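So the sequence shown is numbered by the working numbering: it starts at 935 and just counts up by one. Even glycine gets a Cβ: it sits at the ideal position worked out from N, Cα and C. Quantities reported herein were computed from a predicted structural model and do not represent experimental measurements.
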Amino acid sequence: MNKMLNDPEPYESSIADVKILEEEIFPINDVFQKVFGSDKEFKLNSIKLAIGSNFNDYVTIGEVDLIHFDVKPTLTGLDCFIKENKESILGFLDCEYVSEEGNVIYLNCSKKNVSENIFSIKLMVLASMQQRGFFLQQEHKYYGLQLYIVIESKKSNDNKLLEFLKELGIDWEVIFFRRKLAIHDWTEIECERNSENLKSYLRAKFETLNYFDVNNIIRLAVKNQLPFKVADKMASLLYKMKNERNTRIQDKKYPDEQYQQDEYSITLKKAEVAAAAKLACAYLGIHIEMNFDRDISMDEILKYEEELTNI
935 MNKMLNDPEP YESSIADVKI LEEEIFPIND VFQKVFGSDK EFKLNSIKLA IGSNFNDYVT
995 IGEVDLIHFD VKPTLTGLDC FIKENKESIL GFLDCEYVSE EGNVIYLNCS KKNVSENIFS
1055 IKLMVLASMQ QRGFFLQQEH KYYGLQLYIV IESKKSNDNK LLEFLKELGI DWEVIFFRRK
1115 LAIHDWTEIE CERNSENLKS YLRAKFETLN YFDVNNIIRL AVKNQLPFKV ADKMASLLYK
1175 MKNERNTRIQ DKKYPDEQYQ QDEYSITLKK AEVAAAAKLA CAYLGIHIEM NFDRDISMDE
1235 ILKYEEELTN I
């Protein structure tokens, strides 16, 4: 039939084993309803079933045949239909071709407004035309079907989302931790190789530290060859100190005679940065003999160390 079309599809029609639905798709639907509620249903967007006695004698039906009668097909309904008509169902066929992506779709179902934080969850079984050569070479097959679970969520650590993934055997917390650790390690390397990267990183991460604060941190870190984790800890301590001061000033917890504009200025003093450096090294167990500018008083450093310790 494809050869007779004026505009033939760029792929051969094929039938996927119905066991893929039974063993891979329907268990996901069961988990989905267990976590989000039995009233939540995946809407069937695309499916084409082969019904017949053998691969030379069959007809096809799809979700459009139900939609024609204003019936909304669901994944749960498909599960029940296959269980009741298992002997006559040969499999499911390719039903859609997305030319922009080069994907042949075998199953497409979705659920919108899943929960307060989860916008949608989509299940797709597809064959990528781009990977066809790979499957021919490695598996000696024309197609390699792949299952995709596409989740749109407001929060990556939503409790329901984590429960759903855990039920599927996906440890999201390990994945998230591994990714976060890898990004941190790479960031550390780039920042230690180039102080400009460190400067940009600190300004992006700690918004209340102004241009001069960050420059003073970088200057001290470069002068004493402090590692990235010390500079990061310094900035974290000073960031907390500035926020604490702002809160106290707004709440008027400083006595009028104690608070002076010079004492708690917008830009951090060198002594405050030096105190943060000493504390950061102590917290991280790093022993470095640091050199400070001559105009920095040790008494001031000790005073600010005490303030930073008490935050």
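CB contact flag (Ile1123, Ile1085, <7 Å): It is not a contact, given that the beta carbons lie outside the stated cut-off.
Pairwise C-alpha distance: Met1058 and Leu1246: The requested residue 1246 does not occur in the structure, where the chain is confined to residues 935 to 1245.
Within 7 Å, strictly: CB atoms of Ala1061 and Leu1024: Inclusion of Ala1061 and Leu1024 in the CB contact set at 7 Å is not warranted, their separation being larger than that value.
Assuming Phe1111 is part of the alpha helix (DSSP H), what are its boundary residues? In the DSSP assignment, Phe1111 falls within the unbroken alpha helix (DSSP H) covering Trp1106 to Arg1127.
Inter-residue Cα distance where the pair is Glu1206 and Ile1230: Near 10 Å, if we compare the C-alpha coordinates of Ile1230 and Glu1206.
On the DSSP bridge list, what partners appear for Cys1215? Assignment of beta-bridge partners to Cys1215 by DSSP yields no partner.
When you compare only the Cα positions, how much space is there between Gln1195 and Asn1180? Any reading at Gln1195 must be qualified, since the residue scores a pLDDT of 48, below 50, and its modelled position is unreliable; no value is offered.
What's the call for Lys1089, buried or exposed, on a 16-neighbour Cβ count within 10 Å? So Lys1089 ends up on the exposed side.
Buried or exposed for Val1108, going by 16 or more other Cβ atoms inside 10 Å? Exposed, because fewer than 16 other Cβ atoms sit within 10 Å of the Cβ of Val1108.
Note the first and the last residue of the continuous alpha helix (DSSP H) segment covering Met1168. Annotation: the continuous alpha helix (DSSP H) that includes Met1168 extends over Phe1162 to Asp1185.
Whole angstroms is fine: what's the gap from Asn1144's alpha carbon to Trp1106's? C-alpha separation (whole angstroms): 36 Å.
Counting only C-beta atoms, is Pro1007 closer than 7 Å to chain C at any point? No chain C appears in the structure shown, which is made up of a single protein chain.
Using three-state DSSP, classify Asn979 as helix, strand or coil. DSSP places Asn979 in strand when its eight states are reduced to three.
Are the CB atoms of Ile1235 and Ala1209 nearer to each other than 7 Å? Yes, the Cβ-Cβ distance between Ile1235 and Ala1209 is below 7 Å.
Spatial neighbours of Met996 within its chain, please: CB distance less than 8 Å, with the 5 preceding and 5 following residues excluded, ordered by chain position. Before going on, a small fix: residue 996 reads as Gly here, not Met. Excluding its 5 nearest sequence neighbours in each direction, Gly996 has C-beta neighbours in its own chain below 8 Å: Ser980, Ile981, Lys982, Leu983 and Cys1029, listed in chain order.
7 Å Cβ cutoff met for Asn1051 and Asp1092: Yes, they are a contact pair.
Cβ pair Leu1202, Ala1169 closer than 7 Å: It is not a contact, given that the beta carbons lie outside the stated cut-off.
Using only CA atoms, which one of Glu1034, Phe1053, Phe960 and Cys1043 lies nearest to Asp1013? The residue among Glu1034, Phe1053, Phe960 and Cys1043 with its C-alpha nearest the C-alpha of Asp1013 is Phe960.
What did DSSP end up calling Leu1024 once you bin it into helix, strand or coil? It is a strand residue.
Pick helix, strand or coil for Gln1195, following the three-state DSSP scheme. Confidence at Gln1195 is low in this model, with a pLDDT of 48, below 50, so its placement is unreliable and no value can be given for it.
I'd like the span of the beta strand (DSSP E) that includes Gly996, first residue to last. Counted as a single uninterrupted DSSP element, the beta strand (DSSP E) harbouring Gly996 occupies residues Asp991 to Gly996.
Quick check: the Cα distance between Leu955 and Met1175, rounded to an integer number of angstroms? Their Cα atoms are separated by approximately 57 Å.
Name the residue from Ile1220, Phe1111, Asp1119 and Ser948 whose alpha carbon lies nearest to the alpha carbon of Gln1159. Among Ile1220, Phe1111, Asp1119 and Ser948, the Cα nearest to that of Gln1159 is on Ile1220.
Assuming Tyr1031 contacts Leu1079 (C-beta within less than 8 Å), just tell me the rounded distance between them. Rounded, the Cβ-Cβ distance is 15 Å, inconsistent with contact.
Where does Gly986 sit, in a helix, a strand or coil, going by DSSP? If DSSP states are grouped into helix, strand and coil, Gly986 belongs with the strands.
Please classify Lys1167 as buried or exposed, where buried requires at least 16 other C-beta atoms within 10 Å of its C-beta. The residue is buried, with at least 16 neighbouring Cβ atoms inside 10 Å.
For Ile1152 versus Lys1139, is the C-beta spacing smaller than 7 Å? 7 Å or more divides the Cβ of Ile1152 from the Cβ of Lys1139.
So, Ser1129 versus Val1148, is the Cβ gap smaller than 7 Å? Taking 7 Å as the Cβ cut-off, Ser1129 and Val1148 do not qualify as a contacting pair.
Helix, strand or coil at Ser1134 according to DSSP, with G and I counted as helix: Ser1134: helix per DSSP, three-state reduction.
Taking all protein chains shown into account, do 16 or more other C-beta atoms lie within 10 angstroms of the C-beta of Glu1191, making it buried, or fewer, making it exposed? With a pLDDT of 48 at Glu1191, under the threshold of 50, the modelled position of this residue cannot be trusted, and the question is left open.
Taking Met887 as part of the beta strand (DSSP E), name the residues at either end of that continuous run. What is shown of the chain runs 935 to 1245, which leaves residue 887 out entirely.
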